[in-house]
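J.: Here you go, one structure.
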Amino acid sequence: MTTYKLNNLNLDKFKDKVAIPKYNRNAIKTGIVHVGVGGFHRAHEALYTDILLHNNNITEWGICGVALLDFDTKIYNTLKEQDGLYTLVVKELDGSLTNRIIGSITEMLYAPENPMKVIKKMASPEVKIISLTITEGGYNYNEATGEFNFKNPLIQHDITNATSPKTIFGYLTQALKLRKEKGLNGITIQSCDNIQANGDMTKRMLMSYVNVAAPEMVSWINTNVSFPNAMVDRITPVTSSVDISTLVETTGINDAWPVVCEPFKQWVIEDNFIAGRPSWETVGAQFVEDVEPFEKMKLQLLNAGHSVLGILGALLGYTTIDEVANNKDVTTFLRSYMRNEVAPILKDLKGVNLQAYEDSLLERFGNIYIKDQIDRICSESSAKFPIFILPTINAQLKENASIKQAAFVVAAWAIYSLGKDENGKTLNIKDALKEVLQNKAIEAQDNPKYFLEIESIFGKLKDSKPFVDAYTKAYNAIAISGIKKCVKEMNSNAINKE
Ligand code: CS2
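Each residue of the sequence shown is one higher than the one before, starting from 113 at the first, in this note's numbering.
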């Protein structure tokens with residue numbers, strides 16, 4: 113098959129093979145600046161927006177993608193060369209692939225090269241939304257203190273180098289200052305990360321920074337910027353070389369970085385956009401008054417479920433989520449964690465069917481075509497556990513209710529952090545706190561409790577006797593008998609509350 117590089121010039125060549133943008137991309141104005149153009153953004157907001165541009169014949173709401181970090185050069189260069197175009201490959205439940213070329217990213221900027229260009233773009237009048245996928249760790253939140261982490265050297269850098277910032281907080285502050293100077297009114301800052309009350313968190317963290325770096329901006333931001341909360345969902349594994357070659361072999365599209373994802377997608381958003389918004393509700397997003405129930409359910413069940421499968425699966429020697437999600441013992445464990453420890457804390461949520469949600473998750477995790485990497489799931493666990501698992505533990509402890517399964521997962525994580533799986537194979541740990549985790553994991557071999565001393569992750573959990581007891585018991589059992597046997601034992605001891 114003849115193959116062509118994906119770019120504007122060649123776009124028409126693919127039109128008989130896959131869906132391509134039929135709208136005039138040159139006429140689209142940038143209404144959204146998006147920071148963090150990873151796989152998730154490209155499988156989610158950029159897709160919703162692409163469908164919207166298709167259906168509605170509108171010219172606003174194009175996306176300018178910003179690559180914020182030094183190591184984002186690859187995505188910047190790729191999308192730049194491809195005129196912002198990329199292929200979204202949906203791996204359907206029957207194993208077939210649905211390909212769509214997405215055109216909603218109409219501009220790309222690389223922040224480290226020219227910070228002012230990014231700031232000016234964020235401060236241009238046609239931009240109404242700055243959206244973010246900067247990962248859980250990007251919010252610079254300290255679990256122990258509950259506060260913004262001013263000790264981060266990059267934050268210190270931004271405070272003293274306001275016009276050449278490195279963090280999102282520095283960029284947003286400068287951009288908002290410029291908007292104020294220009295007399296521009298409102299703008300929305302929209303988080304698309306997996307954080308409970310992600311909009312509130314963004315505001316709280318930004319305001320902490322602004323209070324120190326530009327206190328004169330506080331009242332302007334309070335009046336002119338809105339921060340909607342949202343629940344975002346779509347499993348988006350890391351693109352593999354096989355994904356890239358399959359695409360080119362089956363369609364002729366030579367795309368250096370397509371995105372692969374599951375068929376399911378969900379976006380539940382609080383309707384709080386001070387400067388207007390795209391009508392994403394016409395293309396499947398849900399606008400609601402209160403997103404809290406949706407967020408809680410998703411974070412404590414889906415994301416936590418992922419972490420449970422990831423950590424246990426890694427120790428068992430699996431490499432993909434579907435493999436471990438098809439291990440009966442592990443799914444029995446996961447289901448009883450969901451039922452005994454998570455469901456009680458979600459009991460007040462209105463209008464949700466937890467059982468149906470749990471079933472759908474197990475089906476999504478078990479999809480054998482997705483091949484979501486355990487390495488991806490376990491990466492940055494130090495930022496994920498405080499959001500996905502710790503709230504469940506803390507809420508259960510408050511009620512003197514069961515935390516056995518959660519404690520088991522934390523113990524498994526401590527053992528995982530030693531860097532070897534059950535068969536002695538080295539684990540590929542990717543975590544901003546890797547060294548701390550490893551050091552504490554080594555100390556924990558003498559006394560498991562040491563692992564809980566990482567306050568920026570666990571807060572005051574080490575002071576809870578019921579938790580420490582359950583965790584220590586689980587740790588010692590796993591250290592002696594291995595994860596496989598202990599999961600079975602946990603299952604036979606679990607009293608499932610139906
Ligand atoms: C995953 C998420 O990063 C993780 O640990 O749980 O990326 C998950 O796949 C998405 O939130 C799904 O919406």
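Glycine included, every Cβ here is placed at the ideal spot set by N, Cα and C. These numbers were taken from a predicted model, which means no experiment stands behind them.
Does the Cβ-Cβ distance between residue 305 and residue 247 come in under 8 Å?
T.: Result yes, Cβ atoms of residue 305 and residue 247 sit closer than 8 Å.
J.: To which residues of the same chain is residue 374 closer than 7 Å at the C-beta, ignoring the five residues directly before and after it?
T.: The residues are 203, 346, 347, 476, 479 and 482.
J.: Run through the DSSP bridge pairs and tell me what residue 517 is partnered with.
T.: DSSP output for residue 517 lists no bridge partner at all.
J.: What are the boundary residues of the alpha helix (DSSP H) that residue 345 is part of?
T.: Segment 342 to 345 is the beta strand (DSSP E) holding residue 345; no alpha helix (DSSP H) there.
J.: I'd like the ranges of any alpha helix (DSSP H) spanning at least 4 consecutive residues and lying wholly in the stretch 276 to 352.
T.: Whole alpha helix (DSSP H) segments, 4+ residues: 280 to 294, 310 to 325 and 330 to 336.
J.: In terms of DSSP beta bridges, what is residue 200 paired with?
T.: Note: residue 200 sits in a beta bridge opposite 212 and 371.
J.: Near residue 115, which residues of its chain fall below 7 Å by C-beta distance, leaving aside the five closest residues on each side in sequence?
T.: These residues qualify, in order along the chain: 360, 364 and 366.
J.: If you measure from the CB of residue 549, is any heavy atom of the ligand CS2 nearer than 7 Å?
T.: It does not: the Cβ of residue 549 is nowhere closer than 7 Å to a heavy atom of the ligand CS2.
J.: Considering only the beta carbon of each residue, do residue 546 and residue 538 sit closer than 8 Å?
T.: No, these two residues do not count as a Cβ contact at 8 Å.
J.: With a Cβ-Cβ cutoff of 8 Å, do residue 526 and residue 553 count as a contact?
T.: Yes. Within cutoff.
J.: List, from N- to C-terminal side, the alpha helix (DSSP H) runs of 4 residues or more that fit wholly inside the stretch 496 to 569.
T.: Counting only runs of 4 or more, we get 502 to 510, 516 to 528 and 546 to 556.
J.: From residue 325 to residue 578, what distance separates their C-alpha atoms?
T.: Whole-angstrom Cα-Cα distance: 42 Å.
J.: Who are the Cβ neighbours of residue 317 in its own chain at under 8 Å, not counting the five residues just before and after it?
T.: 251, 252, 253, 260 and 281.
J.: Tell me, please, whether the stretch 149 to 166 touches the stretch 117 to 137 by the rule of three or more beta-carbon pairs shorter than 8 Å.
T.: As far as the Cβ criterion goes, the stretch 149 to 166 touches the stretch 117 to 137, which means the pair count is three or higher.
J.: For residue 582, which residues of its own chain have a beta-carbon under 8 Å away from its beta-carbon, when the five flanking residues on both sides are left out?
T.: Here the set comprises 515, 516, 519 and 520.
J.: Just to confirm my understanding: we take residue 274, look at its own chain, exclude 5 residues before and 5 after, and list those with CB closer than 8 Å. What are they?
T.: Cβ within range, chain order: 282, 285, 286, 325 and 326.
J.: Can you find the residues in the same chain that come closer than 7 Å, C-beta to C-beta, to residue 205, ignoring five residues on each side of it along the sequence?
T.: Excluding residues within five positions, the ones whose Cβ falls inside 7 Å are 375 and 479.
J.: DSSP state of residue 150, grouped into three classes?
T.: In this structure, residue 150 counts as coil in the three-state DSSP scheme.
J.: Count the CB pairs spanning the stretch 328 to 347 and the stretch 292 to 309 that are closer than 8 Å, and state whether there are at least three.
T.: At 8 Å Cβ cutoff, the stretches touch.
J.: Is it buried or exposed, residue 210, if we count other Cβ atoms within 10 angstroms and call 16 or more buried?
T.: When all chains shown are included, residue 210 counts as exposed.
J.: Below 7 Å CB to CB, which residues in the same chain sit around residue 569 once its five sequence neighbours on both sides are set aside?
T.: Hits under 7 Å: 255, 494, 497 and 498.
J.: What number of angstroms, rounded off, separates the C-alpha of residue 240 from the C-alpha of residue 142?
T.: Distance between the alpha carbons of residue 240 and residue 142 is about 9 Å.
J.: Select from 214, 184, 199 and 183 the residue whose C-alpha is nearest the C-alpha of residue 175.
T.: The shortest C-alpha separation from residue 175 is found at 214.
J.: Taking 7 Å as the cut-off, is the C-beta of residue 347 nearer than that to any heavy atom in the ligand CS2?
T.: True, at least one ligand heavy atom lies under 7 Å from that Cβ.
J.: Looking at the ligand CS2, does it come within less than 7 Å of residue 440, judged from the CB to the closest heavy atom?
T.: Residue 440 Cβ: outside cutoff for every heavy atom of the ligand CS2.
J.: What's the C-alpha gap between residue 403 and residue 382?
T.: Approximately 6 Å, taken between the alpha carbons.
J.: How close, in whole Å, do the beta carbons of residue 396 and residue 245 come, if the pair is a contact with beta carbons under 8 Å?
T.: Incorrect: roughly 18 Å between the Cβ atoms, too far for contact.
J.: Thinking just about the alpha-carbon of each residue, which of 154, 216, 530 and 295 is nearest to the one in residue 633?
T.: In the structure as shown, the chain starts at 113 and stops at 610, and residue 633 therefore has no counterpart that could be examined.
J.: Taking residue 583 as part of the beta strand (DSSP E), name the residues at either end of that continuous run.
T.: Careful: residue 583 lies outside any beta strand (DSSP E), inside the alpha helix (DSSP H) at 577 to 593.
J.: Where does the unbroken alpha helix (DSSP H) through residue 234 begin, and where does it stop?
T.: From DSSP, the alpha helix (DSSP H) with residue 234 extends over 227 to 234.
J.: Look up residue 376 in the DSSP assignment and give the residues it is bridged to.
T.: DSSP lists no partner for residue 376.
J.: When we look at the beta-carbon of residue 124 and count the other beta-carbons within 10 Å, is it buried (16 or more) or exposed?
T.: Exposed, since its Cβ has fewer than 16 Cβ neighbours within 10 Å.
J.: Mapping the DSSP letters down to three states, classify residue 608 as helix, strand or coil.
T.: The pLDDT assigned to residue 608 is 47, lower than 50, so where the model puts this residue is not dependable, and the model offers no usable value.
J.: For residue 610, does the count of other Cβ atoms within 10 angstroms reach 16, so buried, or fall short, so exposed?
T.: Its pLDDT being 41, under 50, residue 610 is placed unreliably by the model, and the measurement read from it follows with that caveat. Exposed.
J.: Confirm the yes/no value for this check: CB of residue 203, any heavy atom of the ligand CS2, distance under 7 Å.
T.: It does not: the Cβ of residue 203 is nowhere closer than 7 Å to a heavy atom of the ligand CS2.
J.: Could you tell me which of 468, 593 and 237 sits nearest to residue 144, measuring between CA atoms?
T.: Per the Cα distances, 237.
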